[in-house]
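Peer 1:
In the UniProt record's numbering, the protein residues as written are 1 to 162.
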């Protein structure tokens, strides 16, 4: 750290239902940063939308840096043994600061604490290297929920060994 620089204040806290609209907008900005065109983003918008009910019902956490929301994740149960990391997004101007890694580590810890044995991830192809670096293993592909004919990498984190 440069001399005289203060340590950055970073906090991960529970997401509030009232943040659904703002977190949806963050997810759209983050997804668009991969260079997808307007038609793709319009097709994906509904799938990326978060509801206040999701944020109230499922584990959802926000990363704040210097008091500003810089990223978030959402876990949704698949069954009593598996949970899906259904969203993990970082603000485009905050990518590269380790926030995605912090959120992923927090998600793994949260899923383990809740008793899940595995975490499933339907990854954007551009994000697959990140998830693999975080310990996720590819186990197949799944159809996109919003783009006909597109498939997504399906990854799995073994929480018993994470």
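By construction, the Cβ of each residue, glycine as well, lies at the ideal position given by its N, Cα and C atoms.
(1) Can you give me the C-alpha to C-alpha distance between residue 112 and residue 41, rounded to a whole angstrom?
(2) Can you give, in chain order, each stretch of the alpha helix (DSSP H) that sits fully within the UniProt domain "N-acetyltransferase" (10-153) and has at least 4 residues?
(3) What does the alpha-carbon distance come out to for the pair residue 132 and residue 105?
(4) Check whether the Cβ atoms of residue 46 and residue 15 sit closer than 8 Å, and answer yes or no.
(5) Determine the closest residue to residue 79 out of 118, 87, 36, 144, with distance taken between C-alpha atoms.
(6) Under 8 Å, with one C-beta from each stretch per pair, do the stretch 20-29 and the stretch 78-97 reach the 3-pair mark?
(7) For residue 66 and residue 76, what's the separation of their Cα atoms in angstroms?
(8) In three-state terms, what does DSSP make of residue 159?
(9) Residues in the same chain with beta-carbon distance under 8 Å from residue 22, minus the five sequence neighbours each way, listed in chain order, please.
(10) Please identify the residue among 160, 152, 32 whose C-alpha is closest to the C-alpha of residue 169.
(11) Between which residues of its own chain and residue 146 is the CB-CB distance below 6 Å, once the five residues before and five after are set aside?
Peer 2: A quick look at the data gives this:
(1) Approximately 33 Å, taken between the alpha carbons.
(2) 20-32, 38-48, 52-57, 99-113, 128-133
(3) 13 Å
(4) no
(5) 118
(6) yes
(7) 28 Å
(8) coil
(9) Exclusion of the five residues before and after residue 22 leaves 69 as the residues of its chain whose Cβ lies within less than 8 Å of its Cβ.
(10) No information on residue 169 is available, as it lies outside the stretch 1 to 162 that the chain covers here.
(11) 43, 44, 47
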